[in-house]
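K.L.:
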């Protein structure tokens with residue numbers, strides 16, 4: 920079961936910073952679902968996962984809410 924982080928209403932860089940902090944307290948392989956309303960998050964979350972050991976498993980957008988499923992990487 921994935922954990923959930925709701926950062927709706929926050930703007931860059933807070934969604935990424937809170938996501939990183941949450942992932943730091945998780946075990947490798949665990950998944951985190953992040954709910955975001957900042958449109959810039961699409962670029963931010965892709966870049967974050969491309970530059971860390973974490974995997975962007977799924978991304979969707981509906982009704983102005985962007986949902987990211989991230990798997991915690993090793994390290």
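In the numbering used here, the protein residues as written are 920 to 994.
We treat Cβ as the ideally placed atom computed from N, Cα and C, and that holds for glycine.
A quick note: this is a predicted structure, and the numbers were derived from the prediction, not measured.
So the beta strand (DSSP E) residue 942 belongs to, where does it begin and stop?
P.N.:
The count along the chain shown starts at 1 and reaches residue 942 at position 23. First-last for residue 942: 933-943, but that is the alpha helix (DSSP H), not the beta strand (DSSP E).
K.L.:
Check whether the Cβ of residue 957 sits closer than 7 Å to any heavy atom of the ligand ADP, and report yes or no.
P.N.:
Inclusion of the ligand ADP in the displayed structure is not the case, the ligand content being empty and no account of it being possible.
K.L.:
Express the C-alpha separation of residue 963 and residue 975 in angstroms, rounding to a whole number.
P.N.:
Here residue 975 corresponds to residue number 56 of the chain shown, with the count starting at 1. Here residue 963 corresponds to residue number 44 of the chain shown, with the count starting at 1. Going by the C-alpha atoms only, they are around 11 Å apart.
K.L.:
Can you tell me whether DSSP reads residue 927 as helix, strand or coil?
P.N.:
Taking the chain shown and counting its residues from 1, one reaches residue 927 at position 8. Three-state result, residue 927: coil.
K.L.:
Does the Cβ-Cβ distance between residue 988 and residue 949 come in under 8 Å?
P.N.:
On the chain shown, position 69 is the one that residue 988 refers to. On the chain shown, position 30 is the one that residue 949 refers to. No, the pair does not count as a contact, with Cβ atoms beyond the cut-off.
K.L.:
Could you check whether residue 938 and residue 924 sit closer than 8 Å to each other, using their CB atoms as the reference points?
P.N.:
Along the chain shown, read from residue 1 onward, the residue named residue 924 stands at position 5. Along the chain shown, read from residue 1 onward, the residue named residue 938 stands at position 19. Taking 8 Å as the Cβ cut-off, residue 924 and residue 938 qualify as a contacting pair.
K.L.:
Buried or exposed, going by whether 16 or more other CB atoms sit within 10 Å of the CB of residue 984?
P.N.:
Position 65 of the chain shown, counting from 1, holds the residue named residue 984. Exposed, since its Cβ has fewer than 16 Cβ neighbours within 10 Å.
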